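Just below is one structure, and these are the notes that go with it.
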Amino acid sequence: MGRKRLDMKAYAQHRQNDRQRDNLIVAHVDVAKRIALRVARRVPDWICVDDLVAAGMMGLAEAAERFDENRGEPFVAFAEKRIRGAVLDELRRGDIMPRRVRTKARQVGKAIRQLEQTLGRPPEDEEIAAALDVSVEEYRDNLAALSHVALIEVTPEIARSEAYNRKDERSPEMLAERSEMLRLIEEALHRLEERDALILSLYYNEQFTYSEIGGLLEVSESRVCQLHSRALARLRVEVHEPAEAQYA
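Numbering (numbering that gives the first Met the number 0), first residue to last: 0 to 247.
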């Protein structure tokens, strides 16, 4: 009889947990959609938005399943990390940065850094194109491609997720890796031209559109896209190949 009461109590607790989980999911569907769509607006057209939204919903469901209110963290803050991580995991599975484009991003970033060191100022597009031995038009075409595919590897928001393993979020190794990545990005941002760092901050932290940034900087929307791509390529080199390593 006592065992039966225990079983009924466990079942009732299980049912209550299920209801709490379902209520959390229903109440925060818009949060998952908003995060997924925010990421979707920065990726190539061939990426399926519905897949990203579905991944966000899976992240929300996982967050609702694992949430423990006794930890004192608000559910929204807890869920946003898992939703964003799930969406970015979906992007990584889609392999949106082919090896050829990775190589091109690295070449552009290195050329910009070398010219900065040689000229003592940010290089012009014509100078970068000459260093790459391509026409200005081809260089700008390459930048248009890089504006999307460089996203996962170098932006602060993505880097936080890259070192974040939802299955092992508390391991000292993962926490150390995350801390080191954030340190590298912060240092790299300080080495960028002030305008490049501003564009990255406005786009990724403040959620400005190209049009809004263009209005602020008094340049065209297409020019902001080019500057954004160039800043990403430059930042990628600084994060993965710090300047001091060249002279070690």
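Every residue, glycine too, gets a C-beta built ideally from N, C-alpha and C. A quick note: this is a predicted structure, and the numbers were derived from the prediction, not measured.
- Query: Which of helix, strand or coil does DSSP assign to E237?
  - Reply: helix
- Alpha carbon to alpha carbon, how far is C47 from E123? Give it in angstroms, no decimals. 36 Å
- Message: What residue range does the alpha helix (DSSP H) around D124 cover?
- Response: 124-131
- Run through DSSP, which three-state label would V218 get? coil
- For E237, which residues of its own chain have a beta-carbon under 6 Å away from its beta-carbon, when the five flanking residues on both sides are left out? A187, R190
- Message: Within the continuous alpha helix (DSSP H) that includes G71, where are the two ends?
- Response: Neither: G71 is in no alpha helix (DSSP H) and is coded neither H nor E.
- Can you give the Cα-Cα distance for D195 and A230, rounded to whole angstroms? 5 Å
- Alpha carbon to alpha carbon, what distance is there between A54 and L234? 28 Å
- Item | Contact belief for A232 with I111 at Cβ below 8 Å, rounded distance in angstroms | 7 Å
- Query: Under the rule that 16 or more other beta-carbon atoms within 10 Å means buried, what is V223, buried or exposed?
  - Reply: buried
- May I ask you to verify whether the stretch 76-94 touches the stretch 30-42, counting CB pairs closer than 8 Å and requiring at least 3? yes
- Item | Delimiting residues of the alpha helix (DSSP H) encompassing G55 | 48-65
- If we ignore side chains and look at the alpha-carbon of each, how far apart do D167 and R37 end up? Because D167 sits at a pLDDT of 46, beneath the cut-off of 50, its placement in the model cannot be relied upon, and the point is left open.
- Look at I226 and I198 and say whether their C-beta atoms are less than 9 Å apart. Looking at the sequence shown, residue 226 is not Ile but Leu. Yes, the Cβ-Cβ distance between L226 and I198 is below 9 Å.
- Query: Expressed to the nearest angstrom, what Euclidean distance is found between the alpha-carbon atoms of L70 and E64?
  - Reply: Checking the sequence, you will find Arg at residue 70 rather than Leu. Straight-line Cα distance between these residues: approximately 14 Å.
- Item | Presumed contact (8 Å Cβ cut-off) between V86 and A128, rounded CB distance | That pair is no contact at about 35 Å.
- Go ahead and pull the three-state DSSP assignment for S134. coil
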